[in-house]
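Peer 1: Residue numbers (this note's numbering): 7 to 213. Before we start, here is the structure in question, set down as structure tokens.
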Amino acid sequence: MTTLILHSTPLSTYGRTCRMALAEKGVPYELDPIGPQAPEQKARQPWGSVPAMSHGDIRMYETLAICNYVDAAFDGPPLLPADLLARARCYQWISVFIQYLYRPAVDIVLQRLVVPTRGGTPDEALVAASVPKTEKALGVLNGALDGQKCFAGAAPSLADYFVLPLLHYLKMTPEGEKLLASTLNLNRWQAAMDKRDSAVQTMPKFG
Ligand SMILES: N[C@@H](CCC(=O)N[C@@H](CS)C(=O)NCC(=O)O)C(=O)O
């Protein structure tokens, strides 16, 4: 069968979600290490964001769609729980991540880790506004792990592959380090997730 190509810089958190899903599923793929807003990426993704996927004649963008495609199109361990309620919970936590955690947390990450490397000055007002939003979403996700190993139960699923990549970067910022000091469930979960082959293979080389 044709090799699946994932178009994404290895530094992208959503790209890493797809790469973790592909690794967990055992699907060989080619990584096209393109960054956002490159002309080729704008042709694949209307907003120029990464990732995007090519598989034979199939072109796709949006991380959740790509991961669902990978889950359905290939043999290998399922990325979603079989149990109906656990599957719905998995989507609940993915939605929480996309809707409530990604933007404020990524703004902290960009201002603290990226802007200074480009000679810029962090937007302190943006960081300050992002901290309470990030704190609330982290608190909710920390609560989701009360009494269970992973977001949708005992085994990792797509929800875990969505949340992990961004927490890796967030922890590298002073604000993230402080916020994550009290989210004990998330810390325990992250330590366990970081040991998985899919996490080790896709660990970004940044900083
Ligand atoms: N909804 C998109 C979001 C993708 C996204 O925000 N990607 C980030 C990198 S993790 C990006 O490309 N940011 C820069 C940009 O959009 O210009 C998805 O699910 O794939």
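Cβ coordinates follow ideal geometry from the N, Cα and C atoms, glycine included. Predicted, not measured: the structure shown is a model, and the values here were computed from it.
Using only the alpha-carbon positions, how far apart do residue 144 and residue 102 sit?
Peer 2: On the sequence shown, residue 144 is found 138 positions in, with the first residue counted as 1. On the sequence shown, residue 102 is found 96 positions in, with the first residue counted as 1. Using only the alpha carbons, I get a separation of about 10 Å.
Peer 1: Is the segment 121 to 131 close to the segment 50 to 66, with three or more CB pairs under 8 Å?
Peer 2: They do not touch, by the three-pair rule.
Peer 1: I'd like the ranges of any alpha helix (DSSP H) spanning at least 4 consecutive residues and lying wholly in the segment 41 to 74.
Peer 2: Correct list: 45 to 50.
Peer 1: May I ask you to check if the CB of residue 56 is nearer than 7 Å to at least one heavy atom of ligand 1?
Peer 2: Position 50 of the sequence shown, counted from the first residue, corresponds to residue 56. Yes, Cβ of residue 56 sits closer than 7 Å to a heavy atom of ligand 1.
Peer 1: Please tell me whether, using a cut-off of 7 Å, the distance from the CB of residue 46 to the nearest non-hydrogen atom of ligand 1 is below it.
Peer 2: Within the sequence shown, the letter at position 40 stands for residue 46. Not so, every heavy atom of ligand 1 lies at least 7 Å from the Cβ.
Peer 1: Which residue or residues does DSSP assign as beta-bridge partners of residue 156?
Peer 2: Taking the sequence shown and counting its residues from 1, the one referred to as residue 156 is at position 150. According to DSSP, residue 156 bridges with 159.
Peer 1: Could you check whether residue 205 and residue 66 sit closer than 8 Å to each other, using their CB atoms as the reference points?
Peer 2: Within the sequence shown, residue 66 is the residue found at index 60, counting from 1. Within the sequence shown, residue 205 is the residue found at index 199, counting from 1. For residue 66 and residue 205, no; Cβs fall outside 8 Å.
Peer 1: Return the residue from the list 172, 37, 140 and 10 that minimises the CA-CA distance to residue 79.
Peer 2: On the sequence shown, position 73 is the one that residue 79 refers to. Answer by Cα proximity: 10.
Peer 1: Suppose you measure from the CA of residue 72 to the CA of residue 183; what does that come to, to the nearest Å?
Peer 2: For the purposes of this step, residue 72 is taken as residue 66 along the sequence shown, with counting starting at 1. For the purposes of this step, residue 183 is taken as residue 177 along the sequence shown, with counting starting at 1. If I take the Cα positions, the gap works out to 31 Å.
Peer 1: Answer yes if the segment 105 to 120 comes into contact with the segment 83 to 95, meaning at least three C-beta pairs across the two stretches below 8 Å, and no otherwise.
Peer 2: Cβ pair count under 8 Å is below three, so no.
Peer 1: Between the beta-carbon of residue 76 and the beta-carbon of residue 20, is there less than 8 Å?
Peer 2: On the sequence shown, residue 76 is found 70 positions in, with the first residue counted as 1. On the sequence shown, residue 20 is found 14 positions in, with the first residue counted as 1. No. Outside cutoff.
Peer 1: Looking at ligand 1, does it come within less than 7 Å of residue 70, judged from the CB to the closest heavy atom?
Peer 2: Along the sequence shown, read from residue 1 onward, the residue named residue 70 stands at position 64. At least one heavy atom of ligand 1 is nearer than 7 Å to the Cβ of residue 70, so yes.
Peer 1: Give a yes or no on whether the C-beta atoms belonging to residue 12 and residue 37 are separated by under 8 Å.
Peer 2: Residue numbering aside, residue 12 sits at position 6 when the sequence shown is read from its first letter. Residue numbering aside, residue 37 sits at position 31 when the sequence shown is read from its first letter. Going by C-beta atoms, residue 12 is nearer than 8 Å to residue 37.
Peer 1: Is the separation between the beta-carbon of residue 147 and that of residue 169 shorter than 8 Å?
Peer 2: Start at 1 with the first residue of the sequence shown, and residue 147 comes out as number 141. Start at 1 with the first residue of the sequence shown, and residue 169 comes out as number 163. Their beta carbons are under 8 Å apart, which means residue 147 touches residue 169 by this criterion.
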